[in-house]
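As structure tokens, the structure follows; a few thoughts come after it.
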Amino acid sequence: MVRFPNLITLLLLLINSIAVLAGVGRAIYLERPITRYFHEKEYITRLSLIQLLIAAGIALVVCRLSSSKFKFEGWRSPCILWLMIAIGFLFLAVDEAFELHEDFFQVAIFTAFNLKRNFITVRIHDFIVLLYGLVGIGLIYLYLPTIKQNYSRRMLRHLTVGFALLLVMVILDTLGNRKEIPVLSGVLPTFTNVTLRRSLHVIEEAFKLFSQAFFIGGFCAAMQEAWFARKVQSLQKH
9 MVRFPNLITL
19 LLLLINSIAV
29 LAGVGRAIYL
39 ERPITRYFHE
49 KEYITRLSLI
59 QLLIAAGIAL
69 VVCRLSSSKF
79 KFEGWRSPCI
89 LWLMIAIGFL
99 FLAVDEAFEL
109 HEDFFQVAIF
119 TAFNLKRNFI
129 TVRIHDFIVL
139 LYGLVGIGLI
149 YLYLPTIKQN
159 YSRRMLRHLT
169 VGFALLLVMV
179 ILDTLGNRKE
189 IPVLSGVLPT
199 FTNVTLRRSL
209 HVIEEAFKLF
219 SQAFFIGGFC
229 AAMQEAWFAR
239 KVQSLQKH
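In my numbering, the protein residues as written are 9 to 246.
Listed below in structure tokens is the structure:
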């Protein structure tokens, strides 16, 4: 039976859970808001950055294993797929480090279109993250025949769960914004309920880390399969 999730994913989920609980526990112990260690530049963000860089590095390794001497056999080749994935996760790491979607991109959009702050425009950075996810899903869909041909369902399942958790993260981030959504304000008054808003932020950050754990686990599965396929190919030549 194929293990899902694999051991790498389970290990990362454990590490991430401990990190989240430690952050909340330390904040409570110091009598500070539970979001104390979940803001930008804090250790939870640094953990996210490390995981994104690991994901990018593993994708590069899979790219190398998938093509001899980086010879790109057509745009649908596995090497091209993993090269784009590596570039994508490297971009996400830069975004995480410098808050591109929250500062640069959002400010640029506000300036370009002369927008005013309302319950929609203050969530532009959330829509940008959603766009990141949609681009990733589109890439996987485009290369789905290549993935099915070269990798097991285990890897695809990891990616599916990773994207699902990413979607939940975006939803939680949207709901936790200080500017309420009028339709939901009566049901989920996050602006007036500070505790609820802070709790949503912690849960959102946890889902982000868990999403990355599944992506890394899926990439490790692909790396293992690519290494095995290359070893079999080498033995056949001899």
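Beta carbons: idealized from backbone N, C-alpha and C, even for Gly.
For residue 24 versus residue 217, is the C-beta spacing smaller than 7 Å?
-> Closer than 7 Å, so yes.
Cutoff 8 Å; reference residue 178; Cβ partners in own chain excluding five residues on either side | Taken in chain order, the residues that qualify are 134, 137, 138, 141.
If you drop the 5 nearest sequence neighbours on each side, which residues of the same chain put their C-beta closer than 8 Å to that of residue 187?
-> Closer than 8 Å at the Cβ level, and outside the excluded window around residue 187, lie 125, 126, 127, 130, 131, 199.
In the structure shown, what three-state DSSP assignment does residue 212 receive?
-> In the three-state scheme derived from DSSP, where H, G and I count as helix and E and B as strand, residue 212 is classed as helix.
What span of residues does the alpha helix (DSSP H) with residue 82 cover, start to end?
-> If you look at residue 82, you'll find it isn't in any alpha helix (DSSP H); DSSP assigns it neither H nor E.
Label residue 242 either buried or exposed according to how many other C-beta atoms from any shown protein chain fall within 10 Å of its C-beta, with 16 as the threshold for buried.
-> Within 10 angstroms of the beta-carbon of residue 242 lie fewer than 16 other beta-carbons, which makes it exposed.
If we call anything under 7 Å between Cβ atoms a contact, is residue 104 one with residue 57?
-> At a Cβ-Cβ threshold of 7 Å, residue 104 and residue 57 count as neighbours.
DSSP three-state assignment for residue 97, whether helix, strand or coil | In the displayed model, residue 97 falls within a helix according to three-state DSSP.
Would you identify the three-state DSSP class for residue 12, choosing helix, strand or coil?
-> Per DSSP, reduced to three states, the secondary structure at residue 12 is coil, with no helix or strand assignment.
Residue 209, buried or exposed, once every other Cβ within 10 Å from all chains shown has been counted against 16 = Buried is the call here.
Can you tell me the Cα-Cα spacing of residue 151 and residue 59, whole angstroms?
-> Using only the alpha carbons, I get a separation of about 24 Å.
Do you know offhand how far residue 70's Cα is from residue 230's?
-> The C-alpha of residue 70 lies about 7 Å from the C-alpha of residue 230.
Three or more C-beta pairs closer than 8 Å, one from the segment 212 to 227 and one from the segment 169 to 178: is that the case here?
-> In short, these stretches touch, since the Cβ pair count reaches three.
For residue 224, which residues of its own chain have a beta-carbon under 8 Å away from its beta-carbon, when the five flanking residues on both sides are left out?
-> The beta carbon of residue 224 sits closer than 8 Å to those of 16, 17, 20, 59, 62, 63, 66, all from its chain and outside the five residues before and after it, given in chain order.
Assumed close pair residue 44, residue 35 - CB separation to whole angstroms, cut-off 8 Å | Yes, residue 44 and residue 35 are in contact; Cβ-Cβ is about 4 Å, under 8 Å.
Inter-residue CB distance, residue 226 and residue 167 (contact presumed, cutoff 8 Å) = Yes, residue 226 and residue 167 are in contact; Cβ-Cβ is about 5 Å, under 8 Å.
Give the DSSP-derived three-state secondary structure of residue 41 in the structure shown.
-> In the structure shown, residue 41 adopts coil according to DSSP, grouped into three states.
Assigned secondary structure, residue 184 (DSSP; H/G/I helix, E/B strand, else coil) = Of the three classes helix, strand and coil, the one that applies to residue 184 here is coil, per DSSP.
Proximal residues to residue 78 (C-beta, below 6 Å), its chain only, five neighbours per side dropped = Interpretation of residue 78 is limited by its pLDDT of 45, a score under 50 that renders its predicted location unreliable; no figure is taken from the coordinates.
Quick one: grab the DSSP three-state call for residue 110.
-> Residue 110 falls in the helix class under three-state DSSP.
Count the other CB atoms, across all protein chains shown, that sit within 10 Å of the CB of residue 119; report buried if there are 16 or more and exposed otherwise.
-> It counts as exposed.
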